[in-house]
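Engineer: Taken in sequence, the protein lines are chains Y and W. Numbering-wise, this note's numbering comes out as the position in the first sequence, counting from 1, plus 263. Numbering-wise, this note's numbering comes out as the position in the second sequence, counting from 1, plus 126.
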Amino acid sequence: MSGPPTAAEPPEPLAGWRWWTGLAAGGAIGLFGLVGLVRDAAKTMPLVWLRWLLGLLLIHDLVLVPLVLLVGHRLRDQVPEAWRWPLRVGMVTSGVLVLASVPVLYGVGRRTQPGNASVLPGQYPLALAGVLAVVWLGVLALGTWSSTGGRRRGSWPRLSPAWRRPPSSGTRRG
Amino acid sequence: MGPAFTSPARSERTTAMLGVAVGVLFGVCLATGLLSHLIQQPPGWFAWPSRPVWLYRWSQGLHVFCGIAAIPVLLAKLWSVYPHLWRWPPVRGVAHAIERAAIVPLLGGALLLLVTGLMNIGYWYGWRFDFIRTHYWTAWIVAGALIVHLSAKLPVLRRALASRHAAADMAADLERRRFLITTGVAAGVLLLTTAGSAFTPLRRLAVLSPRRQGVGPQGLPVNKDARSAGVADKLDDPGWRLAVAGRVERPVRLSLADLRARMAGPMGHAARLPIACVEGWSQEAHWRGVRVRDLLAEVGAPADAAVRVQSLQRGGYSSAVLNPAHARDPDTLLALELNGAPLHPDHGFPVRLIAPSNPGVMQTKWLESVTVL
Chain Y
264 MSGPPTAAEP
274 PEPLAGWRWW
284 TGLAAGGAIG
294 LFGLVGLVRD
304 AAKTMPLVWL
314 RWLLGLLLIH
324 DLVLVPLVLL
334 VGHRLRDQVP
344 EAWRWPLRVG
354 MVTSGVLVLA
364 SVPVLYGVGR
374 RTQPGNASVL
384 PGQYPLALAG
394 VLAVVWLGVL
404 ALGTWSSTGG
414 RRRGSWPRLS
424 PAWRRPPSSG
434 TRRG
Chain W
127 MGPAFTSPAR
137 SERTTAMLGV
147 AVGVLFGVCL
157 ATGLLSHLIQ
167 QPPGWFAWPS
177 RPVWLYRWSQ
187 GLHVFCGIAA
197 IPVLLAKLWS
207 VYPHLWRWPP
217 VRGVAHAIER
227 AAIVPLLGGA
237 LLLLVTGLMN
247 IGYWYGWRFD
257 FIRTHYWTAW
267 IVAGALIVHL
277 SAKLPVLRRA
287 LASRHAAADM
297 AADLERRRFL
307 ITTGVAAGVL
317 LLTTAGSAFT
327 PLRRLAVLSP
337 RRQGVGPQGL
347 PVNKDARSAG
357 VADKLDDPGW
367 RLAVAGRVER
377 PVRLSLADLR
387 ARMAGPMGHA
397 ARLPIACVEG
407 WSQEAHWRGV
417 RVRDLLAEVG
427 APADAAVRVQ
437 SLQRGGYSSA
447 VLNPAHARDP
457 DTLLALELNG
467 APLHPDHGFP
477 VRLIAPSNPG
487 VMQTKWLESV
497 TVL
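1) Output the distance between the C-alpha atoms of residue 498 of chain W and residue 141 of chain W, rounded to the nearest integer angstrom.
2) Got a sec, what are the start and stop residues for the beta strand (DSSP E) residue 408 of chain W sits in?
3) Please tell me whether residue 340 of chain Y has its Cβ less than 8 Å away from any Cβ of chain W.
4) Let me know the secondary structure DSSP gives residue 491 of chain W once reduced to three states.
5) Does DSSP put residue 372 of chain W in a helix, a strand or coil?
6) Quick one, which residues of the region 262-280 of chain W are near chain Y if we go by CB-CB under 9 Å, in chain order?
7) Determine, using beta carbons only, whether residue 265 of chain Y comes closer than 8 Å to chain W.
8) For residue 264 of chain W, does the count of other Cβ atoms within 10 angstroms reach 16, so buried, or fall short, so exposed?
9) In chain W, what lies closer than 8 Å to residue 364 of chain Y by C-beta?
10) Beta carbon of residue 376 of chain Y, beta carbon of residue 354 of chain W: below 8 Å?
11) Classify residue 172 of chain W as buried or exposed, calling it buried when 16 or more other Cβ atoms lie within 10 Å of its own Cβ.
12) Would you call the region 359-370 of chain Y in contact with the region 322-330 of chain W, where contact means no fewer than 3 C-beta pairs closer than 8 Å?
13) When DSSP labels each residue in this structure, what does residue 439 of chain W get in the three-state scheme?
14) Using 8 Å as the limit for Cβ to Cβ distance, is residue 448 of chain W near chain Y?
15) Where do the ends of the alpha helix (DSSP H) carrying residue 410 of chain Y lie?
16) Buried or exposed for residue 135 of chain W, please, with buried defined as at least 16 other CB atoms from any protein chain shown within 10 angstroms of its CB.
17) Residue 195 of chain W and residue 332 of chain W look like a contact to me (Cβ under 8 Å); what is the Cβ gap, rounded to whole Å?
18) Please say whether residue 334 of chain W and residue 413 of chain W have beta carbons closer to each other than 8 Å?
19) Which of the three DSSP states, helix, strand or coil, is assigned to residue 281 of chain W?
20) Using a Cβ cut-off of 9 Å, pull out every chain W residue sitting near residue 407 of chain Y, in sequence order please.
21) Kindly indicate which three-state DSSP category residue 132 of chain W falls into: helix, strand or coil?
22) Secondary structure at residue 278 of chain Y, three-state DSSP: helix, strand or coil?
23) What are the complete alpha helix (DSSP H) segments, minimum 4 residues, inside the region 282-348 of chain Y?
24) Determine whether the Cβ of residue 205 of chain W lies closer than 8 Å to any Cβ atom of chain Y.
25) With a 10 Å radius around its C-beta and 16 neighbouring C-beta atoms as the bar for buried, classify residue 344 of chain Y as buried or exposed.
26) Under 8 Å between C-beta atoms, does residue 342 of chain W make it to chain Y?
27) Select from the region 234-250 of chain W all residues with a C-beta closer than 8 Å to any C-beta belonging to chain Y, and list them in chain order.
28) Just curious, the alpha helix (DSSP H) that residue 189 of chain W is in, first and last residue?
29) Please list the terminal residues of the continuous beta strand (DSSP E) segment that includes residue 397 of chain W.
30) Residues in the same chain with beta-carbon distance under 8 Å from residue 226 of chain W, minus the five sequence neighbours each way, listed in chain order, please.
31) Which residue's Cα is closest to the Cα of residue 482 of chain W: W/368, W/448, W/219, W/494?
32) If we count the other Cβ atoms within 10 Å of its Cβ and call it buried at 16 or more, is residue 301 of chain Y buried or exposed?
33) Using the Cβ count rule (16 or more neighbours within 10 Å means buried), how would you classify residue 375 of chain W?
34) Checking contacts by CB at 8 Å: is residue 331 of chain Y closer than that to chain B?
35) Per DSSP, which one or two residues make a beta bridge with residue 447 of chain W?
36) Assuming residue 453 of chain W contacts residue 433 of chain W (C-beta within less than 8 Å), just tell me the rounded distance between them.
As structure tokens, then:
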């Protein structure tokens, strides 16, 4: 296992014309947006906006990622190697699908648009369950393949041609 | 916190590849979002063409579905750099402090754009601010912060993308590939189950989309129905007339029978045109009605005139301006029929505008006047 990825990296050079030009251009564009947001305060409500922005950042950094890390560690420690990646694909895909489906599952749109049957027309809990079932069938197939024949023929995805060449070919670097 | 971050999938190359993907997706969202803004609030120098007819449909579809695809890609990118959040010391000088500070509006803004965008297309207005204005200004803030971030990370990006086989070992290389494939699978499944609300070949798979092609009155989704728009009671008025006036030589007031008579004559025209909503869904339909350019010729309007159409609806989106290119397009119609039947009230009975490559919010329904500007 490798350590934190930054350990062996050279520090990023925050100097030179590219950095200062980017800072000036990006700063100007960002400031244009910020001034616009503040000048449009009656509609944009900058303080409410800021609460949303920081709230989402904190939820991501302090709740979502730690949860993902925790599940990832459990997966690594308690699941056989052949099943780790299939399970990871299944859990990540399921997590993303559930998160992205919250607005349609919550279904508040049916109340904000009463009488418009074309808004949120689906049976979303059932549809999500169906999609997840297909995803997990795929996980099952991938895991079975990986833990039986797949492993004997070499793990998928296949490594790049340079990796598969024998070391004596002299093309392998790193 | 260091020992917690042991995944061999994390590497400069992983981050660089995801960073490029996020940059491309957000770049498309920014460009198409700005385009949609310009079309709806055009400055003097901007003229949106009416051809090809699918241009706005594709542009806005890309906006929404690149945004949806960006959800797993952004989350994966943030996961790959998460250890940096806890790096100590947190800053190494003024320039580094600026670079790190720019990450707050960059990430907070990006999350805000994606989360509120997703909620908005699901008709969940769980905020007190105006979505469009906030989305617009936040996009500029994110764009600025992204440029600052890119100018700081460009050397790292180049180094990481150039080092094709620089992974420490085979296991790390395999893990990186698997992680990227996992991200791609998540984005792919999300798109497969939503994008069919715009991309017709996938319509049967769009089971998680807030809209479905073919679902709605006359087989077409409706953005605002007649009752919500407050016009339901006005549609049976026998005294209703469509006023065609403004900078014209012979202003007229046309009854529904007058319009139908014109539709049956040489002014009548049918066209297959898409309704393309700013919320990303779109669907082609068969429209029949009176050509706007023929009606403008009848009343003696100047050849280069723009046209304002006004709805019986009051408040937002109750009127729209057609630029000269759209007003003169042979397929721009005052539509009376949809898919072979008179317009359903929710689709704009008695008469609505339908023009090629026009945002759905500008395809004004329940018309009461056409004013030549």
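Note that the Cβ used here is the ideal one computed from N, Cα and C, for glycine as well.
Structural biologist: If we stick to the structure as given:
1) Residue numbering aside, residue 498 of chain W sits at position 372 when the second sequence is read from its first letter. Residue numbering aside, residue 141 of chain W sits at position 15 when the second sequence is read from its first letter. Cα-Cα distance, rounded: 54 Å.
2) The residue labelled residue 408 of chain W in the question sits at position 282 within the second sequence. Element bounds for residue 408 of chain W: 408-417.
3) Within the first sequence, numbered from 1, the residue matching residue 340 of chain Y stands at position 77. No, residue 340 of chain Y lies away from the interface with chain W (no Cβ there is under 8 Å from its Cβ).
4) Working through the second sequence from its first residue, we reach residue 491 of chain W at position 365. Note: residue 491 of chain W maps to coil in three-state DSSP.
5) Walking along the second sequence from the start, residue 372 of chain W turns up at place 246. Residue 372 of chain W falls in the strand class under three-state DSSP.
6) 262, 263, 264, 265, 266, 267, 268, 269, 270, 271, 272, 273, 274, 275, 276, 277, 278, 279, 280
7) Position 2 of the first sequence holds residue 265 of chain Y. Below a pLDDT of 50, predicted positions are generally treated as unreliable, and residue 265 of chain Y, at 37, falls in that range; the measurement from the model is reported next regardless. Interface residue, yes.
8) To locate residue 264 of chain W, count along the second sequence from 1; it is residue 138. Classification for residue 264 of chain W: buried.
9) Translated into the one-based positions of the first sequence, residue 364 of chain Y becomes position 101. Those within 8 Å of residue 364 of chain Y in chain W are 334.
10) Looking up residue 376 of chain Y in the first sequence gives position 113. Looking up residue 354 of chain W in the second sequence gives position 228. Yes, the Cβ-Cβ distance between residue 376 of chain Y and residue 354 of chain W is below 8 Å.
11) The sequence position of residue 172 of chain W within the second sequence is 46, counting from 1. Its Cβ having fewer than 16 others within 10 Å, residue 172 of chain W is exposed.
12) no
13) Residue mapping note: residue 439 of chain W aligns to position 313 of the second sequence, counting from 1. Correct three-state label for residue 439 of chain W: coil.
14) In the second sequence, residue 448 of chain W corresponds to position 322, counting from 1. For residue 448 of chain W, the answer is no, since every Cβ of chain Y falls outside 8 Å of its Cβ.
15) Taking the first sequence and counting its residues from 1, one reaches residue 410 of chain Y at position 147. Residues 387-410.
16) Residue mapping note: residue 135 of chain W aligns to position 9 of the second sequence, counting from 1. Classification of residue 135 of chain W: buried, given that the 10 Å Cβ count is 16 or more.
17) As a working note, residue 195 of chain W is residue 69 in the second sequence. As a working note, residue 332 of chain W is residue 206 in the second sequence. Actually they are not in contact, since the Cβ atoms of residue 195 of chain W and residue 332 of chain W sit about 15 Å apart, beyond 8 Å.
18) Position 287 of the second sequence, counted from the first residue, corresponds to residue 413 of chain W. Position 208 of the second sequence, counted from the first residue, corresponds to residue 334 of chain W. Their beta carbons are not under 8 Å apart, which means residue 413 of chain W does not touch residue 334 of chain W by this criterion.
19) Within the second sequence, numbered from 1, the residue matching residue 281 of chain W stands at position 155. In this structure, residue 281 of chain W counts as helix in the three-state DSSP scheme.
20) Mapped onto the first sequence, residue 407 of chain Y falls at position 144. Near residue 407 of chain Y there are no residues of chain W at all, since even the closest Cβ is about 17 Å away, more than 9 Å.
21) The count along the second sequence starts at 1 and reaches residue 132 of chain W at position 6. Note: residue 132 of chain W maps to coil in three-state DSSP.
22) Counting from one through the first sequence, the residue named residue 278 of chain Y turns up at place 15. Of the three classes helix, strand and coil, the one that applies to residue 278 of chain Y here is coil, per DSSP.
23) 304-307, 309-322, 328-341
24) Residue 205 of chain W sits at position 79 when you count from the first residue of the second sequence. Yes, its Cβ sits closer than 8 Å to a Cβ of chain Y.
25) For this step, residue 344 of chain Y is matched to residue 81 along the first sequence. That one is exposed.
26) Along the second sequence, one-based indexing puts residue 342 of chain W at 216. With 8 Å as the cut-off, residue 342 of chain W counts as an interface residue toward chain Y.
27) 234, 235, 237, 238, 241, 242, 244, 245, 247, 248, 249, 250
28) The residue given as residue 189 of chain W occupies position 63 in the second sequence. First-last of the alpha helix (DSSP H) with residue 189 of chain W: 181-211.
29) For the purposes of this step, residue 397 of chain W is identified with residue 271 of the second sequence, where counting begins at 1. Residues 394-402.
30) For this step, residue 226 of chain W is matched to residue 100 along the second sequence. Within the same chain, residue 226 of chain W has close Cβ partners 216, 217.
31) Here the question's residue 482 of chain W lines up with position 356 in the second sequence. Among W/368, W/448, W/219, W/494, the Cα nearest to that of residue 482 of chain W is on W/448.
32) Position 38 of the first sequence, counted from the first residue, corresponds to residue 301 of chain Y. By the 10 Å Cβ count, residue 301 of chain Y comes out exposed.
33) For the purposes of this step, residue 375 of chain W is taken as residue 249 along the second sequence, with counting starting at 1. With fewer than 16 Cβ atoms within 10 Å of its Cβ, residue 375 of chain W is classed as exposed.
34) This model lacks chain B altogether, as its protein chains are Y and W.
35) Residue mapping note: residue 447 of chain W aligns to position 321 of the second sequence, counting from 1. Residue 447 of chain W is bridged to W/434.
36) For the purposes of this step, residue 453 of chain W is identified with residue 327 of the second sequence, where counting begins at 1. For the purposes of this step, residue 433 of chain W is identified with residue 307 of the second sequence, where counting begins at 1. Between residue 433 of chain W and residue 453 of chain W the Cβ distance is about 5 Å, and since that is below 8 Å, they are a contact.
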